[in-house]
Amino acid sequence: MGQQPITFVRQVVALCCFPELLDSPGFPDDAKQRAQRILQGCGGRSLGSYSASQGVECIRQDIAAYIQQRDQGVPADWDNVFLTTGASDGIMSILKLLVSGQGESRTGVMIPIPQYPLYSAAISELEAVQVNYYLDEDECWALDVRELQQRYQDAKQHCQPRVLCIINPGNPTGQVQDKKCIEEVLHFAYEENLFVMSDEVYQDNVYSPDCQFHSFKKVLYEMGPEYFNSVELASFHSTSKGYTGECGFRGGYMEVLNMDPEVKAQLVKMLSVRLCPPVSGQAAMDVIVNPPKPHEPSYAQFTKEKNLVLDALAQKAKMTEEILNSVPGIKCNPVQGAMYAFPQIFIPPRAIQEAQALSMAPDMLYCLRLLEETGICVVPGSGFGQREGTFHFRMTILPSTEKLKILLTKVKDFHLKFLQEYSAQETTQENQHRET
Amino acid sequence: MSQQRENGVPARGKVLTVDNMNPYVKRVEYAVRGPIVQRAVQIEKELREGVKKPFTEVIKANIGDAHAMGQKPITFLRQVLALCSYPELLKDNKFPEDAKKRAQRILQACGGQSIGSYSASQGIECIREDVARYIEKRDGGIPSNSDDIYLSTGASDAIVTMLKLLVAGEGRDRTGVMIPIPQYPLYSAALTDLGAVQINYYLDEDKCWSLDISELRRALAAARKHCNPRVLCIINPGNPTGQVQSRQCIEDVIRFIKEEDLFLMADEVYQDNVYAESSKFHSFKKVLFEMGPEFSSTVELASFHSTSKCYMGECGFRAGYMEVINLDPEVKAQLTKLVSVRLCPPVPGQALLDLVVNPPQPDEPSYATFTQEQTLVLKDLAEKAKLTEQILNTVPGITCNPVQGAMYTFPRITLPQKAIDHAKEEGQAPDMFYCLKLLEETGICLVPGSGFGQRDGTHHFRMTILPPAEKLKVVLEKIGEFHQRFTLEFS
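These protein sequence lines map, in sequence, to chains A and F. When we follow my numbering, the leftmost residue of the first sequence carries the number 1, and every step to the right adds one. When we follow my numbering, the leftmost residue of the second sequence carries the number 1, and every step to the right adds one.
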């Protein structure tokens with residue numbers, strides 16, 4: 001969508017790809033230093049070597065240091081850090097480990113509705129049992145622990161719920177959970193013996209000034225040793241989001257906490273079959289967790305570029321919320337974080353009927369029409385899950401500000417037209433027909 | 001299961017234990033990075049800490065990782081990658097024009113002209129087209145459709161994806177997959193993970209690891225009694241065996257496939273690694289099409305390639321592709337859907353693959369250097385293949401088939417009965433016992449034949465031919481010395 005890569009990241013990657021550039025005056029010393037450190041950690045000093053299956057050791061160490069700093073000193077052991085091929089890879093790996101049993105003892109996996117559909121896809125593929133818990137649209141998509149409890153109890157009738165997945169900041173909803181909520185969730189997981197998976201790939205994408213990212217791990221630590229030493233937690237991060245947007249590199253990591261050592265050995269074994277995550281992605285991840293420091297030459301430019309990206313996203317988040325909320329029939333919660341708006345759209349009953357006649361979800365019909373008439377491609381809410389009888393779509397806030405404004409205006413115009421077209425009043429055609 | 005804590009209060013049991021974890025994952029084994037390698041890594045640590053050993057370094061001849069063993073990347077490939085990663089370099093006149101041209105073409109095809117964008121799940125279109133042209137050129141003009149090409153995260157990714165699609169049924173109807181013994185243990189690992197039925201067909205060690213159709217028939221007939229055999233996997237050139245199948249053999253396999261209604265998976269990642277003068281690489285696709293429309297319009301085939309082997313050795317980039325032939329269109333749609341969940345293969349790897357299939361042409365500035373580097377790597381490998389076979393065959397108790405291709409030697413080792421008995425007492429495969437002892441005494445890390453499969457009562461190890469020639473010679477001599485010591489010790 002036109003966001004520029006962060007110069008420093010690409011400089012380090014280029015240096016790693018073609019180390020001859022280490023002699024070039026066109027690269028700053030801090031980039032060269034990082035490239036050299038990464039290459040030292042590679043077999044034959046080449047990005048082309050397989051790394052250890054858990055990832056390049058010095059990168060894992062850098063990640064642990066980053067986590068420790070981010071969480072204000074909560075200790076992070078690099079032995080618990082696994083590099084992955086994007087966060088999706090790590091998420092799938094952990095889910096795979098967790099799925100077992102048959103019939104009523106089959107593993108149940110609790111996922112938010114709405115969710116990022118990697119989760120439902122993975123659950124289907126692994127033939128686990130999907131256990132939905134609904135986020136509260138009226139409370140800005142907040143997670144209510146009573147909802148978790150209810151769904152958990154219901155699920156116990158027909159499966160063995162063992163996993164609780166949370167996406168924070170949320171996708172598609174963008175909500176940023178507050179500390180109290182995270183505590184309640186962790187307490188619930190502790191009480192009910194659930195393995196917690198916290199998908200935190202948008203941890204750098206927080207826009208609302210009233211919100212702050214709290215890692216699940218940090219909150220767990222602050223709840224005291226009884227919790228911190230027992231709750232099994234896997235946290236996920238990625239190079240794809242944040243301010244770097246390096247999706248194509250397929251970089252990511254996960255940190256596992258309190259995993260049974262024998263299970264950890266099984267995890268390492270399982271990962272070894274696929275050898276290792278792409279080393280260029282590992283290098284990109286390393287730069288993200290080890291960015292230029294204030295005294296380093298690239299610091300100024302790096303910080304400028306990073307702030308430009310994040311400020312633009314914050315602006316676009318606000319603008320998107322405002323414009324969509326100005327449309328009769330569209331209601332958009334504040335985009336507190338992540339990269340999406342997930343507005344609720346009113347779809348007239350006649351449109352719902354038409355969709356049903358076509359065996360299509362009503363919001364799919366809506367989105368297809370939007371695409372055909374405006375060229376704007378968004379994803380219907382039915383693809384993410386939503387409360388029965390409600391309809392949504394997910395759009396990104398990534399196009400440039402000017403383009404986004406135009407886009408949102410077009411969506412507005414389309415929506416008004418759509419409402420008009422399917423309004424409860426008779427159409428001229430029907431009127432004429434009656435008259436003849 | 002609870003754990004005692006210091007103050008005597010029983011701790012909570014774990015949510016996830018080996019007893020309640022995914023049972024399929026528990027059963028998976030992958031010898032190439034298995035227990036022996038873990039011990040090797042530990043020994044390396046001990047050496048760093050100053051522990052005295054009879055050797056000063058660990059030689060990791062367990063894995064086909066060329067760069068780790070000192071092989072140099074091909075300059076042109078890395079230049080283009082650097083240009084793609086940091087397009088500012090397009091202004092740098094130290095980069096040749098042909099490299100810049102390719103980088104620009106790749107970037108044009110990326111969202112926002114950045115390799116940081118997700119590509120289409122099947123892979124960047126112009127790269128798939130380049131792959132199709134490469135295949136056509138390689139196969140003497142037989143058409144290849146870019147729509148049948150799927151880029152992947154290494155060949156392993158595509159292999160697992162295809163197997164996933166193919167595995168269905170329950171009990172006696174469960175999908176059976178025929179794999180060579182010895183095999184590259186990705187296959188057995190994937191089959192275990194998917195709960196598919198593994199059907200072994202034995203390669204003939206006495207005939208230089210060739211494939212015998214009668215053995216395929218035997219294996220298939222036996223398998224039909226307890227499962228639904230639907231797939232035949234073949235690795236050519238072979239891993240760990242290095243044999244390069246003759247054209248006749250490939251034809252016979254295709255005939256067999258058609259007769260028995262099987263899906264053919266041809267793992268051809270070593271297609272450029274052919275050393276024996278009498279051997280030649282024939283792609284399964286080419287042979288299939290040369291057999292005429294009766295075969296080429298019906299046999300379902302998936303062929304796999306990678307950037308990890310050949311002359312490139314770019315393992316770390318995790319790049320590869322598969323070409324699917326005669327796949328049912330509805331299944332193809334399902335395949336496309338399945339790969340979309342993981343979004344796309346790493347784009348730097350896709351870029352790398354593009355260069356492999358679209359290398360400098362004779363009229364281009366980088367051609368000379370590129371060809372020189374490529375030839376050097378392949379020549380070096382060919383020499384080391386011969387050297388390895390020769391030296392190992394001088395050792396009494398070791399017999400080594402010619403290394404016709406790939407990157408490994410898989411010699412047969414004769415173990416004294418006493419050693420075999422000792423190993424069995426320890427609950428260890430005899431060749432694992434042998435390899436562990438070799439590791440402890442010499443620092444050389446190999447993978448025991450039991451990790452790949454072998455005929456009962458035989459023992460082997462797999463060693464790569466990747467260390468630099470001088471080092472390789474020393475390694476081979478040390479193995480020879482060890483073997484004689486071992487034989488004496490357990491006589």
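Every residue, glycine too, gets a C-beta built ideally from N, C-alpha and C.
Outcome for residue i when other beta-carbon atoms lying within 10 angstroms are tallied against a minimum of 16
{"i": "residue 42/A", "result": "buried"}
{"i": "residue 427/F", "result": "exposed"}
{"i": "residue 153/A", "result": "exposed"}
{"i": "residue 421/F", "result": "exposed"}
{"i": "residue 213/F", "result": "exposed"}
{"i": "residue 377/A", "result": "exposed"}
{"i": "residue 158/A", "result": "exposed"}
{"i": "residue 6/F", "result": "The predicted position of residue 6/F is uncertain, since its pLDDT is 49 and thus under 50; a value taken from the coordinates is nonetheless stated next. Exposed."}
{"i": "residue 392/F", "result": "buried"}
{"i": "residue 394/A", "result": "buried"}
{"i": "residue 298/F", "result": "exposed"}
{"i": "residue 3/F", "result": "At residue 3/F, the pLDDT of 46 sits below 50, so the modelled position is not reliable; the number obtained from the coordinates is stated separately. By the neighbour-count rule (16 or more Cβ atoms within 10 Å), residue 3/F is not buried but exposed."}
{"i": "residue 328/A", "result": "exposed"}
{"i": "residue 225/A", "result": "exposed"}
{"i": "residue 20/F", "result": "buried"}
{"i": "residue 14/F", "result": "buried"}
{"i": "residue 383/A", "result": "buried"}
Candidates the options, of which the one nearest residue i by Cα
{"i": "residue 71/A", "options": "33/A, 93/A, 289/A", "result": "289/A"}
{"i": "residue 447/F", "options": "163/F, 347/F, 435/F", "result": "435/F"}
{"i": "residue 113/A", "options": "135/A, 254/A, 65/A, 87/A", "result": "135/A"}
{"i": "residue 197/F", "options": "264/F, 185/F, 226/F, 37/F", "result": "226/F"}
{"i": "residue 233/F", "options": "80/F, 268/F, 248/F, 244/F", "result": "268/F"}
{"i": "residue 337/A", "options": "168/A, 287/A, 95/A, 98/A", "result": "168/A"}
{"i": "residue 96/A", "options": "79/A, 127/A, 82/A", "result": "127/A"}
{"i": "residue 439/F", "options": "111/F, 340/F, 54/F, 170/F", "result": "54/F"}
{"i": "residue 461/F", "options": "468/F, 469/F, 397/F", "result": "397/F"}
{"i": "residue 445/F", "options": "419/F, 432/F, 206/F", "result": "432/F"}
{"i": "residue 219/F", "options": "28/F, 201/F, 24/F, 295/F", "result": "201/F"}
{"i": "residue 125/A", "options": "370/F, 373/F, 341/F", "result": "341/F"}
{"i": "residue 302/F", "options": "192/F, 224/F, 86/F, 166/F", "result": "166/F"}
Cβ separation of residue i and residue j, assumed to be a contact under 8 angstroms, to the nearest whole Å
{"i": "residue 409/F", "j": "residue 400/F", "result": "6 angstroms"}
{"i": "residue 362/A", "j": "residue 391/A", "result": "6 angstroms"}
{"i": "residue 242/F", "j": "residue 404/F", "result": "5 angstroms"}
{"i": "residue 219/A", "j": "residue 196/A", "result": "Going by Cβ atoms, the distance from residue 219/A to residue 196/A rounds to 11 angstroms, so no, they are not a contact pair."}
{"i": "residue 228/F", "j": "residue 313/F", "result": "Actually they are not in contact, since the Cβ atoms of residue 228/F and residue 313/F sit about 39 angstroms apart, beyond 8 angstroms."}
{"i": "residue 297/A", "j": "residue 30/A", "result": "6 angstroms"}
{"i": "residue 255/A", "j": "residue 272/A", "result": "With a Cβ gap of about 19 angstroms, residue 255/A and residue 272/A do not count as contacting."}
{"i": "residue 267/A", "j": "residue 93/A", "result": "7 angstroms"}
{"i": "residue 223/A", "j": "residue 251/A", "result": "That belief does not hold up - the Cβ atoms of residue 223/A and residue 251/A are roughly 31 angstroms apart, past 8 angstroms."}
One or two residues paired with residue i in a DSSP bridge
{"i": "residue 408/F", "result": "464/F"}
{"i": "residue 456/A", "result": "Nothing in the structure corresponds to residue 456/A, since chain A is present only between 1 and 436."}
{"i": "residue 305/F", "result": "321/F"}
{"i": "residue 202/F", "result": "181/F"}
{"i": "residue 234/A", "result": "197/A, 256/A"}
{"i": "residue 233/F", "result": "265/F"}
{"i": "residue 331/A", "result": "344/A"}
{"i": "residue 175/F", "result": "228/F"}
{"i": "residue 35/A", "result": "Residue 35/A pairs with nothing; no bridge assigned."}
{"i": "residue 31/F", "result": "For residue 31/F, which the question treats as bridged, DSSP gives no partner whatsoever."}
{"i": "residue 448/F", "result": "461/F"}
{"i": "residue 442/F", "result": "Paired residues: none, contrary to the question."}
{"i": "residue 83/A", "result": "253/A"}
{"i": "residue 224/A", "result": "For residue 224/A, which the question treats as bridged, DSSP gives no partner whatsoever."}
Interface residues of chain B facing residue i [CB-CB closer than 7 angstroms]
{"i": "residue 361/A", "result": "In the structure shown, chain B does not exist; the protein chains are A and F."}
> Listed from N- to C-terminal order along the chain, which residues in the region 245 to 272 of chain A have their beta-carbon within a distance smaller than 8 angstroms of any beta-carbon of chain F?
Replying inline: Here the close residues are 245, 246, 247, 248, 249, 250, 258, 259, 260, 262, 263, 266, 269, 270, 272.
> the region 91 to 121 of chain A: which residues have C-beta closer than 7 angstroms to a C-beta of chain F, in chain order?
Replying inline: Within the region 91 to 121 of chain A, the qualifying residues are 96, 97, 98, 99, 100, 118, 121.
> Mind listing which residues of the region 366 to 398 of chain F have their C-beta closer than 7 angstroms to chain A's C-betas, in chain order?
Replying inline: So the list is empty, because no residue satisfies the distance condition.
> In the region 271 to 289 of chain F, which residues sit with their C-beta less than 7 angstroms from some C-beta in chain A, listed in chain order?
Replying inline: Taking 7 angstroms as the Cβ-Cβ cut-off against chain A, none of the residues of the region 271 to 289 of chain F qualify.
> When you check each C-beta in the region 46 to 57 of chain A against every C-beta of chain F, which residues fall closer than 7 angstroms?
Replying inline: Listed by position along the chain: 46, 47, 48, 49, 50, 51, 53.
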